[in-house]
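The working numbering applies: residue 2 is where the sequence shown begins, and numbers increase by one.
Glycine residues also receive a C-beta, built at the ideal position from the N, C-alpha and C atoms.
These numbers were taken from a predicted model, which means no experiment stands behind them.
Take a look at the structure below.
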Amino acid sequence: MRHAEFAVLVVLFLIVLPSGCVQRGELNETTEYVYENISENETIEIPKGRFTFKIFGINEFQVGPGEKTRFYVVFYNTDWDEETHKFVARAFPSAMDFAAKAAYKCEYFTDCPKLHSDMKSWINQTKEQIELNHTHLGVQRFEISIPEDANNGTYMYDVVGCKDLVFGECDRSTANWGPILPLTIQIA
């Protein structure tokens with residue numbers, strides 16, 4: 002029995018990353034858009050050959066109140082059926098540190114609706130699927146925007162990738178394209 006090869010790349014960018022060369026895999030319009038709009042101070046490196054899942058750059062951000070940054074989720078359609086598929090990613094709040102717990106006066110992460118609401122509002126993500134032919138790459142952009150009144154602390158997220166599911170169906174239990182990825186935002 003053949004197994005599907007799952008591949009999701011999370012490519013994280015910060016304005017402070019050192020500049021470097023760009024290696025391109027197979028391109029499509031979405032990927033071309035990212036390459037054309039990456040600033041000189043950002044780095045992206047797509048490996049050649051077969052791969053399953055990699056995180057490029059960092060998955061932990063230090064962002065001050067009132068600041069913004071972004072990261073990208075890169076899908077690579079390596080499905081065994083060699084067909085075109087649609088992909089979407091989502092970020093879900095998953096944990097907090099003691100400073101955030103104290104600031105929100107929460108005993109447990111699961112019992113803190115205000116915290117969940119705030120964390121969801123800090124990440125803007127597209128709800129549109131990316132349609133990819135076999136062996137093509139596609140990029141989904143996430144914006145992190147921390148409001149001026151955000152509480153200091155460390156906030157963790159799970160980033161999931163889904164194949165052939167719409168945005169509303171894609172969650173931790175239905176993630177079917179690569180493992181669940183950790184993302185950390187530290188507000189100081």
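Original post:
Applying the criterion that 16 or more other CB atoms from any shown protein chain within 10 Å of the CB defines a buried residue, is R192 buried or exposed?
Top reply: With the chain covering 2 to 189 only, the question about residue 192 has no answer from this structure.
**OP:** Assign G162 to one of two classes, buried (16 or more other C-beta atoms within 10 Å of its C-beta) or exposed (fewer than that).
**Re:** To locate residue 162, count along the sequence shown from 1; it is residue 161. Looking at its Cβ environment, which holds 16 or more other Cβ atoms inside 10 Å, G162 is buried.
Subject >> Presumed contact (8 angstroms Cβ cut-off) between G139 and I131, rounded CB distance >> reply: As a first step, residue 139 is located in the sequence shown; it is residue number 138 there, counting from the start. As a first step, residue 131 is located in the sequence shown; it is residue number 130 there, counting from the start. Sure, about 4 angstroms apart at Cβ, within 8 angstroms.
**OP:** Spell out a yes or no on whether the region 155-171 and the region 96-103 are touching, meaning 3 or more CB-CB pairs, one atom from each, closer than 8 angstroms.
**Re:** yes
**OP:** Could you tell me which uninterrupted beta strand (DSSP E) segments, each at least 3 residues in length, are contained entirely in the region 98-154, listed from first to last along the chain?
**Re:** Every beta strand (DSSP E) of 3 residues or more that sits fully in the region 98-154 is shown, in chain order, as 124-126, 131-133 and 138-146.
**OP:** Measure how close the beta-carbons of T70 and I145 come, nearest whole angstrom, since I'm counting them as under 8 angstroms.
**Re:** For the purposes of this step, residue 70 is taken as residue 69 along the sequence shown, with counting starting at 1. For the purposes of this step, residue 145 is taken as residue 144 along the sequence shown, with counting starting at 1. Right, their Cβ atoms sit about 5 angstroms apart.
Original post:
Quick one: what's got a C-beta closer than 8 angstroms to T185's C-beta in the same chain, skipping five residues either side?
Top reply: Residue numbering aside, residue 185 sits at position 184 when the sequence shown is read from its first letter. If we look at T185 and ignore the five residues flanking it on each side, its Cβ neighbours are N60, E61, F62, T155, Y156, M157 and Y158.
**OP:** Over the uninterrupted beta strand (DSSP E) stretch that includes T79, give me the two end residues.
**Re:** Along the sequence shown, one-based indexing puts residue 79 at 78. Where T79 is concerned, there is no enclosing beta strand (DSSP E), given that its DSSP letter is neither H nor E.
Original post:
Rounded to a whole number of angstroms, what is the C-alpha to C-alpha distance between L182 and M97?
Top reply: Taking the sequence shown and counting its residues from 1, one reaches residue 182 at position 181. Taking the sequence shown and counting its residues from 1, one reaches residue 97 at position 96. So the alpha carbons of these two residues sit roughly 16 angstroms apart.
Subject >> Where the beta strand (DSSP E) containing T1 begins and where it ends >> reply: The question about residue 1 has no answer, for the chain in this structure spans 2 to 189.
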